[in-house]
Every structure is written in C-alpha cells, then in structure tokens.
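Number of protein chains: 2
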Amino acid sequence: MDAVRPDMPTPPGRKPRRPAPARQPLTQDLIVETAVRVLDTEGLDAVTMRRVAQELGTGPASLYAHVSGKDELRELMLDRVAAEIRLPEPDPARWQEQLKELATEIRRVWTAHRDIAKVSMGGIPTGPHLLAVAEVQLELMRAGGVPPRIAGLAVDTLGMFIDADAIEDTIYTARTPPGEDPWEYFRGHFEEITAYFRALPADRFPNIVGMVDELTSPSGDERFQFGLDILVRGIASYVAPRDGD
Amino acid sequence: MDAVRPDMPTPPGRKPRRPAPARQPLTQDLIVETAVRVLDTEGLDAVTMRRVAQELGTGPASLYAHVSGKDELRELMLDRVAAEIRLPEPDPARWQEQLKELATEIRRVWTAHRDIAKVSMGGIPTGPHLLAVAEVQLELMRAGGVPPRIAGLAVDTLGMFIDADAIEDTIYTARTPPGEDPWEYFRGHFEEITAYFRALPADRFPNIVGMVDELTSPSGDERFQFGLDILVRGIASYVAPRDGD
DNA sequence: ACCTGAACACCGTTCAAGT
DNA sequence: ACCTGAACACCGTTCAAGT
C-alpha cells in the first residue's frame with residue numbers, strides 16, 4: 134500500500150527478483166485470516182501449519198513467532214468466525230424465541246465454515262466474540278427469570294447441542310470428494326444407508342427395519358428445531374416454582 | 134498353538150532367530166483389540182496405524198490386509214466398545230427411567246474408553262452392537278407411546294447429547310500430561326479458568342463475571358442429568374394429544 | 001525482533017516383492 | 001493368501017543461524 138503504484142506500467146527490463154513477493158508482513162491477524170480461508174475452501178483437516186505458511190509464501194517455522202502452535206491457531210480461527218454471529222437486542226417478553234433464534238444463528242455461522250464446530254466442541258470459550266455470545270445467552274435467560282444455576286448449565290447444554298448438530302450436518306456435505314456434485318454425492322450415500330438398514334435382519338432389529346423412513350429422513354433442520362424446542366421448553370420450565378401454566 | 138511346546142525347555146544353543154516372535158497370526162479381531170488397548174492407555178490420538186502395528190510386532194502395511202484403513206479401524210473400535218453397554222429388558226411402565234438409565238450407561242462406557250466418543254460423534258451407526266443400542270432405544274420409546282417420527286428424531290438427538298457430553302467430560306481428564314496427577318492437574322486448569330473469567334471486564338460481560346461460580350462448577354454429572362431430564366421430558370410430551378396430566 | 005533452513009520424530013497409504 | 005520393506009507425500013515443533 135506504500136511503495137506499490139499499480140496504475141503505472143512496469144518499465145521494460147525491470148523484473149522483480151523473485152516472482153511477485155508482494156508479501157504483507159506476517160501478523161497474527163493475517164495468519165488467522167489465511168487459515169480461515171483454507172478452512173472455508175478445503176475443511177479443517179487441510180488447515181495445517183505448513184499449509185497456512187505455504188499460502189503466505191513462507192515456511193512453517195515463521196508462524197511460531199505469532200501463534201504458540203496449532204491449538205491456539207484453531208482457537209483464534211473459531212473466535213474470528215464467531216465474530217460473524219449477529220447478536221439480538223434482548224427483549225425479555227420474547228426471551229424463548231430469541232434464545233432459539235440465536236441458537237439457529239450460531240448454527241448458521243458454524244455450518245457456513247465447514248467443520249469449524251469441531252473446534253468449539255469440548256473447548257471452554259475464551260475468545261472475546263465467543264464470550265459475547267455466552268453473555269447474551271445468559272442475559273436472555275436471566276431476563277426471562279431462569280435461575281442462575283439453571284442458566285449456567287443451560288449455556289453448556291445449548292452449546293453442546295448446537296456444536297453436535299453442526300458437526301452432524303457437515304458430515305454429509307463436507308465429505309464430498311472434490312469435483313463431485315455435493316447433492317448427487319449425498320443422494321448416493323443416503324440411498325446406500327437406507328438400503329443397508331432395510332437389509333438388516335428384521336428379527337433382531339424390528340424397530341430399525343420398521344422405521345427406516347423415520348430414521349433416515351435427511352432433514353437436518355427439522356432435527357435441529359426438534360431438539361432446540363425441547364431444550365428451551367425444558368429451560369423455561371424452571372422459571373417459577375409454579376406459575377399460571 | 135501347533136509347533137510350540139512351552140512345557141519343554143529349550144535345548145542348549147537353540148536360540149530363536151529373532152527374539153521371541155511368539156506372534157499370533159494377524160486377524161481383524163486382534164488388530165481391533167490391540168487398538169482399543171492403545172486407546173485406553175494413551176487416548177485416541179495415539180491410535181495410529183503405525184503404533185498398532187508396532188504393538189503387534191509388525192509394520193503398518195500388514196494391517197491393510199484385515200482393515201481397509203484408519204477410518205474403518207476406528208469404526209470397528211467403537212463397535213467393540215459398544216459391546217460393553219448393558220441393555221435393559223424393556224418395561225413399558227418405566228420407559229422414561231429406562232431411557233435415562235440407558236443414556237447414563239452409554240456415557241459410562243464411552244468415558245471408560247477415553248475419547249472414543251469422538252468416533253461416535255457424527256457417524257451413522259452401522260456396527261451390530263451400536264445398532265442393538267439404537268434398537269432398544271426405539272423399543273423403549275415405541276412401547277411408551279412415542280410417535281415413530283418423534284422417536285426417530287429423538288434417537289439422533291439423544292445420541293448427539295450423550296456423545297457431546299462424553300467428549301466434554303474427557304477434555305479435562307484425558308489431557309493430563311503423563312506423569313502428573315490428573316486431579317491435581319485438573320484443579321490447576323480449573324483455577325486458571327475461574328481466574329480468567331473473574332478478571333473479565335464487568336461492563337462488557339456482567340452476567341459471566343457475576344455468575345462465575347455457576348458457570349465453572351465442574352460437576353459433569355449434574356450437567357448430564359440436567360440435559361437428560363429436559364430431553365426425556367420433552368420426548369414424553371409428545372406421547373399423547375393430551376392425556377391425564 | 002523477526003524470520004528462516006534444516007532437522008527431528010512422526011503420520012496414512014501404496015506397491016512391488018517375497019513366502 | 002498373507003505379509004513385508006521401502007518409498008511417497010505429508011505432519012507439528014524446535015533450534016541454531018541469519019538479517
């Protein structure tokens with residue numbers, strides 16, 4: 134942005150020593166941004182220290198000046214992605230709907246970034262954006278009259294549910310081999326599983342065989358809303374010793 | 134078992150060419166058994182094709198005659214572990230309790246085998262023992278009058294919840310560095326997190342700072358029973374249009 | 001202070017060659 | 001049929017050396 138004047142043509146015979154270095158100086162932000170780009174295009178497994186370094190035109194050792202290691206990089210990626218979660222303005226009258234909307238929003242952001250939910254699953258949130266999400270969840274529940282102990286447990290339980298569902302969701306879509314139509318591939322996988330269940334011995338697995346359609350309906354959204362509904366109703370049931378019902 | 138006579142002493146000067154091969158012939162069962170032993174002692178990350186092969190006194194290439202690759206090996210490990218889950222004799226009158234007991238039993242078995250739940254999370258159950266567990270869950274709910282569609286969704290949701298909780302649980306215990314007392318290590322980690330939360334800016338995170346104790350209570354069992362209770366009550370609410378209440 | 005090359009101790013999987 | 005050595009194309013992290 135300082136020495137480069139892209140509006141001027143390169144004078145003849147003036148070749149850069151190395152083919153277009155143009156490298157920005159390494160920063161933590163730049164590393165995390167690059168890592169998220171690799172995540173989005175190729176999935177979490179492709180985000181290796183070496184791959185990120187390569188993308189930045191350097192070697193893996195260079196990253197260690199800005200990031201303590203792979204684990205920290207993954208944590209930083211998660212919090213960067215969490216910044217995309219749109220938080221609601223709490224409206225105490227609508228706390229249950231808002232809690233469900235927020236959960237749906239988190240799931241939307243997670244699934245928009247491949248299998249990033251694997252990083253969230255089973256890690257204590259420490260990044261500022263992740264903490265802001267938890268803060269709003271607590272605020273919604275406290276304003277709705279949920280007792281502190283229950284609200285604390287519920288943040289954990291909701292988080293586990295959202296992460297697990299996002300991971301489950303990406304199993305199908307993310308494992309598509311490159312070059313294949315994701316939906317076509319999914320269809321194939323799906324038929325295979327249905328056929329497998331249908332071929333099971335009916336005497337040992339009468340319920341599974343008899344409920345193949347109910348078990349393999351691929352609607353991830355329906356499963357998510359089902360679980361979310363149950364959880365939020367359950368949380369709400371702790372609001373008062375007995376209200377009007 | 135055929136050419137070896139262990140009751141006879143080795144004649145003098147008769148040394149085995151290689152130091153005590155004594156190797157059983159490689160079978161899928163032996164490989165899976167060995168892999169689970171490595172899992173139990175060192176965790177899932179330590180279960181590599183090379184490590185399992187080494188444990189069997191051979192090279193990694195030898196395993197590929199009995200197992201298609203690492204993914205299949207992990208699936209086989211999961212189903213072998215699932216064989217330890219004790220299944221109840223369905224008693225329709227107690228279906229809700231039995232469903233909760235079964236979920237608790239699954240969690241017990243998962244956490245007894247380190248982070249095996251990571252394999253379960255987001256994989257469709259196909260092994261015979263895993264299918265037997267799903268079959269009983271469906272049987273319990275169907276006998277309790279849960280509609281098929283709800284029972285199908287509930288098996289998924291319950292499974293996600295159990296896996297997520299088991300993974301969360303092993304975060305603390307399984308990451309203990311070798312040679313350190315797990316509880317001491319956990320204590321330290323825990324104090325660190327509490328201190329971090331307490332030091333957060335109270336104006337941006339009033340609920341988190343104000344609820345540190347509720348948020349960091351380490352009781353995994355309480356969280357599990359809380360979520361389980363909510364889920365099973367939610368499932369039960371679909372039993373009839375309106376019963377006696 | 002920041003960056004790097006080279007090295008260390010690992011990975012999963014394939015394949016031609018052996019028995 | 002089963003097993004193997006060697007190789008291929010990767011890993012995360014460290015460390016002495018450079019600028």
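Chains as they are written, first to last, in this note's numbering: chain A, 134 to 378; chain B, 134 to 378.
Glycine included, C-beta positions come from ideal geometry on N, C-alpha and C.
Selected residue, minimal CA-CA separation from residue i, among the options
i                      : options                    : result
residue 329 of chain A : B/191, B/258, B/271, B/240 : B/258
residue 306 of chain B : A/256, A/291, A/293        : A/256
residue 334 of chain B : A/288, A/166, A/294, A/268 : A/268
residue 372 of chain A : A/284, A/237, A/360        : A/284
residue 282 of chain B : A/349, A/191, A/362        : A/349
residue 194 of chain B : B/204, B/352, B/182, B/300 : B/182
residue 178 of chain B : B/251, B/217, B/355, B/368 : B/251
residue 319 of chain B : B/338, B/216, B/352        : B/352
residue 303 of chain A : A/261, A/240, A/192, A/365 : A/240
residue 205 of chain B : B/161, B/189, B/323        : B/161
residue 200 of chain A : A/225, A/159, A/174        : A/159
residue 157 of chain B : B/217, B/174, B/186        : B/186
residue 249 of chain B : B/217, B/300, B/286, B/331 : B/300
residue 261 of chain A : B/362, B/338, B/364        : B/338
residue 253 of chain B : B/207, B/368, B/197        : B/207
Boundaries of the alpha helix (DSSP H) in which residue i is found, first to last residue
i                      : result
residue 178 of chain A : Careful: residue 178 of chain A lies outside any alpha helix (DSSP H) and carries neither H nor E.
residue 357 of chain A : 353-369
residue 269 of chain A : 261-276
residue 235 of chain B : 228-245
residue 248 of chain B : Segment: none, residue 248 of chain B is in no alpha helix (DSSP H) and carries neither H nor E.
residue 341 of chain A : 339-343
Reduced DSSP secondary structure (H/G/I, E/B, other) of residue i
i                      : result
residue 189 of chain B : coil
residue 304 of chain A : helix
residue 372 of chain B : coil
residue 154 of chain B : With a pLDDT of only 42 at residue 154 of chain B, under 50, the local geometry of the prediction cannot be trusted, and the value read off the model is given with reservation. Residue 154 of chain B: coil per DSSP, three-state reduction.
residue 204 of chain B : helix
residue 293 of chain A : helix
residue 134 of chain B : Any reading at residue 134 of chain B needs caution, since the residue's pLDDT is 37, under 50, leaving its predicted position unreliable; the model's value is listed next. Note: residue 134 of chain B maps to coil in three-state DSSP.
residue 334 of chain B : coil
residue 221 of chain B : coil
residue 257 of chain B : coil
residue 216 of chain A : coil
residue 279 of chain A : coil
residue 142 of chain A : Here the model assigns residue 142 of chain A a pLDDT of 47, short of 50, so the residue's position is not dependable, and the following value carries that caveat. Here residue 142 of chain A sits in coil by DSSP.
residue 199 of chain A : coil
residue 160 of chain A : coil
residue 316 of chain A : helix
Where residue i meets chain B, residues with beta-carbon distance less than 9 Å
i                      : result
residue 294 of chain A : 290, 293, 294, 297, 360
residue 272 of chain A : 339, 340
residue 207 of chain A : What residue 207 of chain A touches in chain B: nothing, since even the nearest Cβ is about 14 Å away.
residue 326 of chain A : 257, 259
Listed by chain order, chain A residues near residue i by CB distance under 7 Å
i                      : result
residue 367 of chain B : 363, 366, 367
residue 254 of chain B : 297, 300
residue 275 of chain B : 340
Per-residue contacts from residue i into chain A (C-beta, under 8 Å)
i                      : result
residue 249 of chain B : Under the 8 Å cutoff, chain A gives no residues; its nearest Cβ is about 13 Å from residue 249 of chain B.
residue 281 of chain B : 344, 347
residue 105 of chain B : In the structure as shown, chain B begins at 134 and stops at 378. Residue 105 of chain B is therefore absent and cannot be evaluated.
Interface residues of chain B facing residue i [CB-CB closer than 7 Å]
i                      : result
residue 239 of chain A : What residue 239 of chain A touches in chain B: nothing, since even the nearest Cβ is about 14 Å away.
residue 177 of chain A : In chain order: nothing, as chain B lies at least about 13 Å away.
residue 356 of chain A : 286, 289, 290
Neighbouring residues, chain B, relative to residue i (Cβ below 8 Å)
i                      : result
residue 329 of chain A : 259
residue 319 of chain A : Here the premise fails: no neighbours, minimum Cβ distance about 13 Å.
residue 285 of chain A : 344, 347, 348, 350
residue 164 of chain A : Those within 8 Å of residue 164 of chain A in chain B number zero; the least Cβ separation is about 23 Å.
Proximal chain A residues relative to residue i, where beta-carbon distance stays under 9 Å
i                      : result
residue 267 of chain B : 338, 340, 341, 348
residue 218 of chain B : By Cβ distance, chain A contributes nothing, its closest Cβ being about 16 Å from residue 218 of chain B, past 9 Å.
Residue i beta carbon near the ligand ATP (any heavy atom closer than 7 Å)
i                      : result
residue 344 of chain A : Although the ligand ATP was asked about, the structure shown includes no ligands whatsoever.
### Task
Check whether the segment 260-279 of chain B touches the segment 219-229 of chain B, taking contact to mean three or more Cβ pairs, one atom from each stretch, closer than 8 Å.
With a cut-off of 8 Å, the segment 219-229 of chain B and the segment 260-279 of chain B count as touching, because enough Cβ pairs lie within range.
### Task
Evaluate contact between the segment 291-307 of chain B and the segment 283-294 of chain A, counting only Cβ atoms and requiring at least three cross-stretch pairs below 8 Å.
Three or more Cβ pairs drawn from the segment 291-307 of chain B and the segment 283-294 of chain A lie within less than 8 Å of each other, which places the two stretches in contact.
### Message
Quick test of the definition: if touching needs 3 or more C-beta pairs under 8 Å, does the segment 276-287 of chain B touch the segment 223-235 of chain B?
### Response
yes
### Task
Report yes or no: do the segment 209-219 of chain B and the segment 163-170 of chain B share at least 3 C-beta pairs separated by less than 8 Å?
yes
### Query
Three or more C-beta pairs closer than 8 Å, one from the segment 335-349 of chain B and one from the segment 341-352 of chain A: is that the case here?
no
### Task
State whether the segment 236-245 of chain B contacts the segment 351-367 of chain B, with contact taken as three or more CB pairs (one from each stretch) at a distance under 8 Å.
yes
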